[in-house]
Amino acid sequence: MASKSATDNLDFSGLFRELASGVPGVLFCYEISADASTHRIPFISSRVRDLFGVSPDELLRDASELFNIIHPDDHDAVGSSIQQSFQDLAPWQQQARLRLRSGEYRWFEGHSVPRREPGGSTLWFGQFTDIQAHKDLEFGLRKSEAEAEYQLSFQQLMTSLSSDFINSTIGDIDDKVQTFLARIGEFFGVDRVYVYRFSEDLARMTNTHEWCREGVPELKGSQQQVDITGFHWWQAQTKSVLKQNRVVFIEDVSKLPKEAVAERELLEEQGVAAMFCVPILIRGVVEGFFGMDSLTVRSWRKDQSDLLILAANLLSEALERHRLEQELLNQSIRDPLTGIHNRRYLQPRVEEMMSRFQRTGEGFALAMLDIDHFKRVNDTLGHQAGDRVLQEFGRLLQEQFRGTDVAARYGGEEFVVALASASHESARQALLRILERVRAMNVEFKGRTVPVTVSAGLVHVVDLRPGKLSTDAMVTEADRRLYKAKRSGRDCLVDASGKSRL
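Each residue of the sequence shown is one higher than the last, beginning at 55 in the working numbering.
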């Protein structure tokens with residue numbers, strides 16, 4: 055009789071279960087009935103209890119408990135993949151997050167091979183294993199790639215905006231700032247981006263530029279000359295920002311401290327839930343701030359402040375360059391003594407008026423004014439007194455005329471005023487008012503009152519013959535009439551109708 059081997063008495067069912075428990079993954083056999091109305095798990099490694107707190111005996115009757123631990127976001131994908139394998143009898147493979155006994159989710163990947171049974175049911179034989187380490191590596195790589203792409207996109211944005219500012223002209227700086235705000239707002243996905251400027255005494259702030267996402271109400275109209283003397287918390291934050299080179303970041307407006315009650319009320323009234331503000335420094339002086347709002351509380355990047363500081367620095371540099379260019383331009387087109395425009399600026403503006411008259415018939419007038427007995431002031435009181443008279447007269451011209459008009463110092467004590475969109479009579483009345491205001495000017499110099507009057511020659515564009523229309527012709531005729539006013543006793547106006555004096 056043959057001797058029995060050592061394995062003849064082994065319980066192979068029990069042995070398989072022991073082997074299954076030693077496999078790193080979870081072995082299983084999954085069954086769907088022929089009519090697909092029920093599903094169960096005839097066999098699964100005992101590790102399912104240790105990992106997920108699910109009883110194998112419970113799964114033997116109904117597999118639903120195992121499906122209940124699938125992450126809600128992955129549930130549909132798992133069901134669809136099983137359905138596809140059921141129809142095609144193709145091997146099944148799927149990744150999903152499963153809930154552990156601790157309550158946290160980890161990524162697992164399942165593999166199995168289906169088999170159709172004689173009775174019509176379908177069995178899958180396979181395993182699912184923990185792939186969280188692989189997922190962490192994958193997510194890390196994706197995050198690194200996404201971060202690199204984000205940083206590259208930000209650098210490209212800054213380069214593009216810098217190029218826009220460099221190529222801007224003095225006349226289009228506002229449009230460039232508006233474009234800057236829009237692109238910053240869209241890049242960071244916020245609801246409102248803006249620039250505020252402070253008054254010289256830092257008591258008021260004015261919204262000068264603003265971009266809002268579609269559907270978000272604008273605030274610019276209501277944010278002009280806003281009194282900020284009562285915003286003590288805000289002012290303290292601003293000072294701290296300058297010292298530490300950081301931004302004002304309000305992550306949740308509703309959680310502002312008690313001392314910021316005025317600031318919280320204003321922001322909540324505007325619907326702001328979170329905000330960033332970065333000072334705008336021009337020549338080392340805080341001139342305002344650049345900021346952005348979110349109407350909902352949200353999570354922000356850890357380096358959000360650093361990115362906004364870079365953006366604010368770009369904006370500050372652009373505004374500083376614009377101011378320098380404006381100053382240089384003003385030096386070239388403004389008279390340094392009186393601050394009003396000079397002949398260089400006057401010529402093209404009058405030519406524009408002339409061109410508009412020839413196209414549309416819109417009338418305009420030009421007057422030449424000369425301060426009476428100016429040499430006598432210089433000779434008796436000195437050139438400083440003469441300069442004071444010129445400055446006061448220049449200031450008066452700036453105050454009395456409209457923004458569309460042009461007042462310029464022509465040379466010495468002679469000034470020219472070009473009145474846009476003016477009839478002959480309206481121009482005449484405007485000049486007579488100037489003569490009256492000058493008589494009441496009474497310039498004070500070293501305790502003495504210097505009486506001042508002016509003579510003026512006025513010409514309207516219709517006074518010239520059609521074939522003689524030119525800027526030079528108007529200036530020549532105005533000068534001729536000014537000379538006539540001087541000869542007529544000074545302190546008067548001469549135009550086409552003759553001498554006038556109020």
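By construction, the Cβ of each residue, glycine as well, lies at the ideal position given by its N, Cα and C atoms. Since the structure is predicted, the reported quantities are computational estimates derived from the model, not experimental observations.
Quick check on the DSSP output: what are the complete alpha helix (DSSP H) runs of length 4 or more inside the segment 449-505, in order along the chain? Within the segment 449-505, the complete alpha helix (DSSP H) runs of at least 4 residues fall at 478-493.
If we ignore side chains and look at the alpha-carbon of each, how far apart do P520 and R456 end up? Rounded to whole angstroms, P520 to R456 spans 27 Å at the Cα level.
Per DSSP, what are the beta-bridge partners of Q181 in this structure? Answer by DSSP bridge pairing, in chain order: L81, H165.
Close-in-space but distant-in-sequence residues of the same chain around D62 (CB under 8 Å, 5 per side omitted): Caution applies to D62, whose pLDDT of 45 falls short of 50 and renders its modelled position unreliable; the value that the coordinates give is listed next. Beyond the five residues adjoining it in sequence on each side, D62 comes within less than 8 Å, by CB distance, of no other residue in the same chain.
When we look at the beta-carbon of A56 and count the other beta-carbons within 10 Å, is it buried (16 or more) or exposed? A caution first: A56 carries a pLDDT of 44, below 50, which makes its placement in the model unreliable, though a value can still be read off. With fewer than 16 other Cβ atoms within 10 Å, it is exposed.
Would you kindly report the start and end of the unbroken alpha helix (DSSP H) that includes V231? Segment 227-242, the alpha helix (DSSP H) holding V231.
What do you reckon, are the CB atoms on G239 and M346 nearer than 9 Å? A contact, by the Cβ cut-off of 9 Å.
For G511, which option in K500, E112, V470 has the closest C-alpha, if you only look at C-alpha atoms? Of the listed residues, the one whose Cα sits closest to G511 is V470.
In chain order, what residues of the same chain have a beta carbon less than 8 Å from the beta carbon of L81, not counting five sequence neighbours either side? Close CB contacts of L81 within its chain, under the 8 Å cut and outside five residues either way in sequence, are with A74, F97, I98, S99, G180, Q181 (chain order).
Assess, as a yes-or-no matter, whether the segment 529-541 is touched by the segment 414-425 under the definition of 3 or more beta carbon pairs within less than 8 Å. These segments touch.
Determine the burial state of G393: buried for a count of at least 16 other Cβ atoms within 10 Å of its Cβ, exposed for fewer. Around the C-beta of G393, fewer than 16 other C-beta atoms lie within 10 Å, and the residue is accordingly described as exposed.
Which residues share a DSSP beta bridge with S514? Going by the sequence as given, residue 514 is His instead of Ser. Beta-bridge analysis with DSSP links H514 to A419.
Residue burial classification, G7 (beta-carbon count within 10 angstroms, cutoff 16): Absent from the structure is residue 7, since the part of the chain shown begins at 55 and ends at 556.
Counterpart residues of V508 in DSSP-defined beta bridges: Paired residues: I425.
Who are the near neighbours of Q452 in its chain, counting only those whose CB is closer than 7 Å to its CB and skipping five residues on each side? Once the five neighbours on either side are set aside, the close Cβ partners of Q452 are I394, A461.
Compute the beta-carbon to beta-carbon distance between F499 and R442, rounded to the nearest angstrom, for a pair I have assumed lies under 8 Å. Their Cβ separation, rounded to whole angstroms, is 5 Å, which keeps F499 and R442 in contact under 8 Å.
Between the segment 212-232 and the segment 169-188, are three or more C-beta pairs nearer than 8 Å? They do not touch, by the three-pair rule.
Using DSSP with H/G/I as helix, E/B as strand and the rest coil, what is K274? Looking at K274 - three-state DSSP - the assignment turns out to be helix.
Rounding to the nearest angstrom, what Cα-Cα distance links V351 and E305 in this structure? Straight-line Cα distance between these residues: approximately 7 Å.
Just the Cα atoms here: how many angstroms apart are R169 and L143? Taking the straight line from one Cα to the other gives about 7 Å.
Would you tell me roughly how many angstroms separate the C-alpha atoms of E317 and D549, rounded to the nearest one? The alpha-carbon atoms of E317 and D549 are separated by roughly 60 Å.
Which stretch, first to last residue, makes up the alpha helix (DSSP H) that contains L206? L206 -> alpha helix (DSSP H) spans 186-220.
Chain B contact for R115 (CB, 9 Å cutoff): Structure shown: chain B not included; a single protein chain is present.
DSSP beta-bridge partners of H129: Partner(s): none; H129 has no beta bridge.
Identify the continuous beta strand (DSSP E) that holds S348 and give its terminal residues. Where S348 is concerned, the enclosing beta strand (DSSP E) stretches over 339-348.
Assuming Q149 and I185 form a contact by the criterion Cβ under 8 Å, report the distance between their Cβ atoms to the nearest whole angstrom. The beta-carbon distance between Q149 and I185, rounded to whole angstroms, is 7 Å. This is short enough to meet the 8 Å contact definition.
Coil, strand or helix - I579 by DSSP: The requested residue 579 does not occur in the structure, where the chain is confined to residues 55 to 556.
Along the chain, where does the alpha helix (DSSP H) containing L143 start, and where does it finish? For L143, there is no enclosing alpha helix (DSSP H), as DSSP marks it with neither H nor E.
Where V516 and L523 are concerned, what is the direct C-alpha to C-alpha distance, given to the nearest angstrom? Distance between the alpha carbons of V516 and L523 is about 9 Å.
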